[in-house]
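Presented below is the structure to which this report refers.
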Amino acid sequence: MKTRRIVMGSVLTVFFLLIASLAMAQTIKIGVMAPFKTPSGEDQMNGAKLAVENINAQGGILGKKIELILANDEYKPEKGVMAYKKLVLEDKCEVVFGTCSSGVAKAVMDQMARYKQLWIPTGAASEALSDLYKSDPGKYKYWFRVMHLSGDLSTAVHEFIYNLPVKKIGAKRIAIMAENALWTRDMVKAAEQFFKEKGLEVVYSEFFDTETKDFTPIFTKIINAKADFIYEISAHVDGAVYIKQWYDLKGPMIGGVSGTGVTDRYWKDCGGKATSETVVVYVMRTAITPKTIPFYDQYMEKFKIAPGYPTGYTYDAIHMYKAAVEKAGKTDADALVPVLEKMDYVGVVGRYVFDQLHNPKYGEGYRQLPLGQWRKDGSRVAVSPKSMATGEYELPPWLKK
6 MKTRRIVMGS VLTVFFLLIA SLAMAQTIKI GVMAPFKTPS GEDQMNGAKL
56 AVENINAQGG ILGKKIELIL ANDEYKPEKG VMAYKKLVLE DKCEVVFGTC
106 SSGVAKAVMD QMARYKQLWI PTGAASEALS DLYKSDPGKY KYWFRVMHLS
156 GDLSTAVHEF IYNLPVKKIG AKRIAIMAEN ALWTRDMVKA AEQFFKEKGL
206 EVVYSEFFDT ETKDFTPIFT KIINAKADFI YEISAHVDGA VYIKQWYDLK
256 GPMIGGVSGT GVTDRYWKDC GGKATSETVV VYVMRTAITP KTIPFYDQYM
306 EKFKIAPGYP TGYTYDAIHM YKAAVEKAGK TDADALVPVL EKMDYVGVVG
356 RYVFDQLHNP KYGEGYRQLP LGQWRKDGSR VAVSPKSMAT GEYELPPWLK
406 K
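According to the numbering used here, the sequence shown is numbered sequentially starting from 6.
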């Protein structure tokens, strides 16, 4: 009798293992790393959730549903490495997307090379990732960036500053305030060079710690230096913290890159004090591609907030992975690399074609980055580039004549 129970138990164990194995075989696991409980992290995860929901509603990938697994990188490289290893080794994800940190993305690169699984950052802008790939393309071939580069941001912001605050308004003295992070260093260097070439004077240029809460000393220095325009560069820092202080001190014109400054959440967090601030907005309700407005409306309906900077990229990246797997007929990373290298895909952010460094091409005909300006009623209008503009550039209320 005892032997019979043991045999039955063994049979049941094997049965349930087979059922579990079959269930796993009917799904494709994908991982997304993000800094939990942060505005950008939430935006990134929401983009992934909507992509998975839409793809599964359409039948999944090769007839298999996607199973989304999230991991917290906490904006810390060591935590990112742990998160990546968990997703690949324990959760058996076929691909990992995400992170809002270039430092985290770079730390993961060697783990990606070791475990030979696709790593697709959708929130990391640093050129250092491109340099690492260039140092050994064979080793780092599983890396593809679906995101703008620091250089793309620089191009978009420089065009805005020169055409509007400088040529239209007459700004001549520029201040640069940037968070101290890997991705901002190339941008500050490029900005200083650009302004010098245009005959503009940089009267202030400093990095601030990402834990800074009191920006009064920074803005006081900028105001005393008689700056006409502040070029802000931040992503890890909550821009609402410093923009409220800028407003209260009635600082000069401000704009540039604010990772948190693109959503309705931000407008509420700063109590409406972002009026006239102009920042890169990665997805606006404008027809960047035929997919943009339908995506924007669906996202707003589901999450009750506008997409953030990594949202559209993450959404597009997962759809690009789907297209690559269906073309290759398998999820094997080595089979997907050449497919992605030749991919030409139109998403919600723009058209993606990868260059020789596995970065998406930027410029007319590919992706372009609009800059949106906050209005006093909490709305935003695109003011740059001219081809995407839906309104005119305005001064802060205290500078209007």
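Glycine included, C-beta positions come from ideal geometry on N, C-alpha and C.
For the 8 Å Cβ check, are there 3 or more pairs between the region 122 to 131 and the region 61 to 79?
no
Taking C-beta to C-beta, are V288 and V353 nearer than 8 Å?
yes
Please name the residue in V242, Y247, I235, I228 whose C-alpha comes closest to that of G261.
I235
Neighbour-count burial assignment, E282, 16 or more Cβ in a 10 Å radius:
buried
Count the other C-beta atoms from every protein chain shown that fall within 10 angstroms of the C-beta of A279, then say buried if there are 16 or more, exposed otherwise.
buried
Near E72, which residues of its chain fall below 6 Å by C-beta distance, leaving aside the five closest residues on each side in sequence?
T32, K34
Closest by C-alpha distance to L154, when choosing among A183, W188, L137, G103:
W188
By how many angstroms is the C-alpha of K366 removed from the C-alpha of Y314?
18 Å
Which of the three DSSP states is assigned to N59 in this structure?
helix
Taking Cβ to Cβ, would you say N51 is nearer than 8 Å to F308?
yes
6 Å CB neighbourhood of Y398 in its chain, flanking five on each side removed:
L169, V388
Could you spell out where the beta strand (DSSP E) holding W379 opens and where it closes?
376 to 379
How close, in whole Å, do the beta carbons of P40 and D78 come, if the pair is a contact with beta carbons under 8 Å?
6 Å
Return yes when the Cβ of V93 is within less than 8 Å of the Cβ of Y120, no when it is not.
yes
Assuming the contact rule is C-beta atoms closer than 8 Å, I181 and V207 should be a hit. Round their C-beta distance to whole Å, please.
6 Å
Same chain only: Cβ atoms within 7 Å of V386, ignoring 5 sequence neighbours per side:
G377, Q378, R380, T395, G396
Is F224 helix, strand or coil by DSSP?
helix
Proximal residues to T297 (C-beta, below 6 Å), its chain only, five neighbours per side dropped
V353
On a Cα-Cα basis, can you pick out the residue from K391, Y89, D96, G103 that is closest to A322?
G103
Just checking: is the beta-carbon of G244 within a distance shorter than 8 Å of some beta-carbon in chain C?
The chain labelled as chain C is not found in the depicted structure, where only one protein chain is given.
Give the list of continuous beta strand (DSSP E) stretches no shorter than 3 residues that lie fully inside the region 235 to 308.
258 to 263, 283 to 285
From the DSSP output, in three-state form, read off A329 for me.
helix
Nonlocal neighbours in the same chain, by C-beta distance under 6 Å from P401, ignoring five residues either side
S281
Proximity winner among M38, E306, T43, relative to H241 (alpha-carbon distances):
T43
Along the chain, where does the alpha helix (DSSP H) that runs through Y138 open and close?
133 to 140
With 16 as the cutoff for other CB atoms within 10 Å, does N229 come out buried or exposed?
exposed
How about T147 and Q122: do their beta carbons lie closer than 8 Å?
Here residue 147 turns out to be Tyr, not Thr, going by the sequence shown. Yes, the pair counts as a contact, with Cβ atoms nearer than the cut-off.
For K405, does the count of other Cβ atoms within 10 angstroms reach 16, so buried, or fall short, so exposed?
exposed
Looking at the unbroken beta strand (DSSP E) that takes in T104, where does it start and where does it end?
No beta strand (DSSP E) contains T104, which DSSP labels as neither H nor E.
Output needed for A28: all residues of its chain with C-beta closer than 7 Å, excluding positions within five of it in sequence on either side, in chain order.
Unreliable placement is indicated for A28, whose pLDDT of 46 sits below 50; no coordinate value is reported for it.
Go to T5, then tell me how far its beta strand (DSSP E) extends in each direction, as first and last residue.
The shown model of the chain, from 6 to 406, leaves out residue 5, and the question about it has no answer.
Does the distance from the C-beta atom of Y350 to that of A333 stay below 8 Å?
no
Report the rounded CA-to-CA distance for K97 versus C275, giving the unit in angstroms.
41 Å
Excluding the 5 residues flanking A311 on each side, which residues of the same chain have their C-beta closer than 6 Å to its C-beta?
T268, D269
Express the C-alpha separation of T336 and I24 in angstroms, rounding to a whole number.
For I24, the predicted structure reports a pLDDT of 46, less than 50, and the residue's modelled location is therefore unreliable. The matter cannot be settled from this model.
In the structure shown, what three-state DSSP assignment does Q116 receive?
helix
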